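Everything on this sheet refers to the single structure shown next.
There are 2 protein chains.
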Amino acid sequence: MLKYALLGFLNYTPMTGYDLKQFMDASTSNFWHAKQSQIYATLKKLEQDELVRSHVEPQEGRPDRRVYQITEKGREDLQDWLSQPVMDVEPRKEKLLLKLFFSADQSVEKILTQLRIQRSLHEETLERYQNQTKEVIAQFSASEDMAEHGRYWEATRRFGELYEEMYIRWVDETIEKLEE
Amino acid sequence: MLKYALLGFLNYTPMTGYDLKQFMDASTSNFWHAKQSQIYATLKKLEQDELVRSHVEPQEGRPDRRVYQITEKGREDLQDWLSQPVMDVEPRKEKLLLKLFFSADQSVEKILTQLRIQRSLHEETLERYQNQTKEVIAQFSASEDMAEHGRYWEATRRFGELYEEMYIRWVDETIEKLEE
DNA sequence: GAATACATGTAAAATGTTACATGATTTT
DNA sequence: AAAATCATGTAACATTTTACATGTATTC
Numbered sequence: 010m011l012k013y014a015l016l017g018f019l020n021y022t023p024m025t026g027y028d029l030k031q032f033m034d035a036s037t038s039n040f041w042h043a044k045q046s047q048i049y050a051t052l053k054k055l056e057q058d059e060l061v062r063s064h065v066e067p068q069e070g071r072p073d074r075r076v077y078q079i080t081e082k083g084r085e086d087l088q089d090w091l092s093q094p095v096m097d098v099e100p101r102k103e104k105l106l107l108k109l110f111f112s113a114d115q116s117v118e119k120i121l122t123q124l125r126i127q128r129s130l131h132e133e134t135l136e137r138y139q140n141q142t143k144e145v146i147a148q149f150s151a152s153e154d155m156a157e158h159g160r161y162w163e164a165t166r167r168f169g170e171l172y173e174e175m176y177i178r179w180v181d182e183t184i185e186k187l188e189e
Numbered sequence: 010m011l012k013y014a015l016l017g018f019l020n021y022t023p024m025t026g027y028d029l030k031q032f033m034d035a036s037t038s039n040f041w042h043a044k045q046s047q048i049y050a051t052l053k054k055l056e057q058d059e060l061v062r063s064h065v066e067p068q069e070g071r072p073d074r075r076v077y078q079i080t081e082k083g084r085e086d087l088q089d090w091l092s093q094p095v096m097d098v099e100p101r102k103e104k105l106l107l108k109l110f111f112s113a114d115q116s117v118e119k120i121l122t123q124l125r126i127q128r129s130l131h132e133e134t135l136e137r138y139q140n141q142t143k144e145v146i147a148q149f150s151a152s153e154d155m156a157e158h159g160r161y162w163e164a165t166r167r168f169g170e171l172y173e174e175m176y177i178r179w180v181d182e183t184i185e186k187l188e189e
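What follows is the structure in structure tokens.
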């Protein structure tokens, strides 16, 4: 699936694995993320499958850049994937909930601390979506050929915002019940 | 991490890999899930590490059962994990959002169809949390020695409920904006 | 008569994480 | 003087998914 994230970005414009990581961190990390090493490995595989092509741009004083661009075959594959509807609900994994589920023998004080830590982490995340991510999207949508993309980027950002608000609400509710 | 889900359940009572799968599907699938094959593989590893022990119970007409029970070492490991606070925000992966992010060139009609499919899938999931999962928890909490656990199980179920409500709200909001 | 439940697992592939390695330039 | 940024990657490991294989008993 990372495959399609990379093809999606390369469909905008050619760039390096390093650039792709920056873009993902700034825009899709809310719903899709990857480590730098995985991005490099996946790009290599995409090139083998001829969905992307690369060339090296020599640089002085800095490491050379390997710039990837999407091929016609890559565009078709991406288009194909985009047009297929998602037919399932994505399963979640939430360590904190797993812990909480088995926490009946822990002290309530310890659990409350856990929850308060999560609350502040999710508050930070929420603020990031509301400020930083929002700005990044606004900047990119400013250019004319990217304006149409802005609507969709904003929809995904909004999801992150709603998610974090929901999470904080759930923590507050749970803390309240435990304090009774 | 599946490791701790299995230890957590085995800390209630000894059971087979098959039983563990049933329990997880009925209770933790909202925030932690695993395939049957992964459960068997993980149990094998847990036994090698002496965190669980197993014995075979012969059966007639049905395959023999391999019943696992947690060891003292396993209990300590679980306890240790439970007492450590979670210090990060769990990253999500949402295929639909990834698709939506890159969908500016798709027809609005196609995207709306995508969103409507997701809406109905998440509505089903929400209802499951509100009815089936709620009942399962009520049943298990009925026995005296499990009553205290019920509070925590309910908190995790509530998370699923809030999540699905949020998701549906987001879909509705997004559909509305696209229809403008 | 067909499908589901019960119960176990193996093998291969895909995916993702962690740790390591290099080295100049720029910022703190 | 130390840390972060730019830029690449490899290797080992861990986790997860998919597909295969088996066979009885019960339910529809």
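Just so you know, the sequences run in chain order A and B.
Mapping of the first sequence onto the numbering used here: residues 10 to 189, in sequence order.
Mapping of the second sequence onto the numbering used here: residues 10 to 189, in sequence order.
Beta carbons: idealized from backbone N, C-alpha and C, even for Gly.
This one's a predicted model, so the numbers in the text were calculated from it and none came from an experiment.
Pick from A:Asn39, A:Ile184, A:Glu56, A:Asp114 that is closest to Glu81 of chain A, judged by C-alpha positions: Locating residue 81 of chain A in the first sequence gives position 72, where the first residue counts as 1. The shortest C-alpha separation from Glu81 of chain A is found at A:Glu56.
Gln78 of chain A, enclosing beta strand (DSSP E) - first and last residue: For this step, residue 78 of chain A is matched to residue 69 along the first sequence. Residues 74 to 79.
Gly169 of chain A, buried or exposed, once every other Cβ within 10 Å from all chains shown has been counted against 16: Numbered from 1 along the first sequence, position 160 holds the residue referred to as residue 169 of chain A. Gly169 of chain A is buried by the Cβ-count criterion.
Residue from B:Met175, B:Lys53, B:Ile177 whose Cα sits closest to the Cα of Gln78 of chain B: As a first step, residue 78 of chain B is located in the second sequence; it is residue number 69 there, counting from the start. Of B:Met175, B:Lys53, B:Ile177, the residue nearest in Cα terms is B:Lys53.
Secondary structure, beta strand (DSSP E): runs of 3+ residues fully inside the segment 12 to 72 of chain A: 61 to 66
Rounded straight-line distance, which links the Cα of Glu132 of chain B to that of Gln68 of chain B: Here residue 68 of chain B is taken as the residue at index 59 of the second sequence, counted from 1. Here residue 132 of chain B is taken as the residue at index 123 of the second sequence, counted from 1. Roughly 41 Å between the two C-alpha positions.
Under 8 Å between C-beta atoms of Val6 of chain B and Ala14 of chain B: What is shown of chain B runs 10 to 189, which leaves residue 6 of chain B out entirely.
Span of the alpha helix (DSSP H) around Phe149 of chain B: Counted from its first residue, the second sequence places residue 149 of chain B at position 140. It spans 143 to 151 - the alpha helix (DSSP H) in which Phe149 of chain B sits, taken as one unbroken run.
Chain B residues whose Cβ lies nearer than 8 Å to that of Arg178 of chain A: Taking the first residue of the first sequence as position 1, residue 178 of chain A is located at position 169. Neighbours of Arg178 of chain A on chain B, chain order: Leu171.
Cα-Cα separation, Glu1 of chain B to Tyr161 of chain B: Residue 1 of chain B is absent from the structure shown; chain B starts at 10 and stops at 189.
Proximity to Phe18 of chain A [Cα-Cα], best of A:Arg75, A:Leu87, A:Gln47, A:Asp73: Along the first sequence, one-based indexing puts residue 18 of chain A at 9. Minimum Cα distance to Phe18 of chain A is reached at A:Leu87.
Three or more C-beta pairs below 8 Å linking the segment 88 to 97 of chain B and the segment 41 to 53 of chain B: no
Proximity test, Cβ basis, 8 Å: Ser92 of chain A and chain B: Here residue 92 of chain A refers to the residue found at position 83 when the first sequence is read from its first residue. Yes, Ser92 of chain A counts as interfacial toward chain B.
Separation of Lys143 of chain B from Met155 of chain B, as counted between CA atoms: Numbered from its first residue, the second sequence carries residue 155 of chain B at position 146. Numbered from its first residue, the second sequence carries residue 143 of chain B at position 134. Cα-Cα distance, rounded: 15 Å.
Residue-level contact to chain A via CB, Tyr138 of chain B, 8 Å cutoff: Along the second sequence, read from residue 1 onward, the residue named residue 138 of chain B stands at position 129. Cβ-Cβ to chain A under 8 Å: no for Tyr138 of chain B.
Contact belief for Met24 of chain B with Val76 of chain B at Cβ below 8 Å, rounded distance in angstroms: Taking the second sequence and counting its residues from 1, the one referred to as residue 24 of chain B is at position 15. Taking the second sequence and counting its residues from 1, the one referred to as residue 76 of chain B is at position 67. Sure, about 7 Å apart at Cβ, within 8 Å.
Partner residues on chain B for Leu130 of chain A, Cβ-Cβ distance less than 9 Å: Walking along the first sequence from the start, residue 130 of chain A turns up at place 121. Ordered by position in chain B, the residues that pass the 9 Å Cβ test against Leu130 of chain A are Val95, Met96, Asp97, Val98.
Pairwise C-alpha distance: Val61 of chain B and Ser46 of chain B: Position 37 of the second sequence, counted from the first residue, corresponds to residue 46 of chain B. Position 52 of the second sequence, counted from the first residue, corresponds to residue 61 of chain B. Approximately 18 Å between the Cα atoms of the pair.
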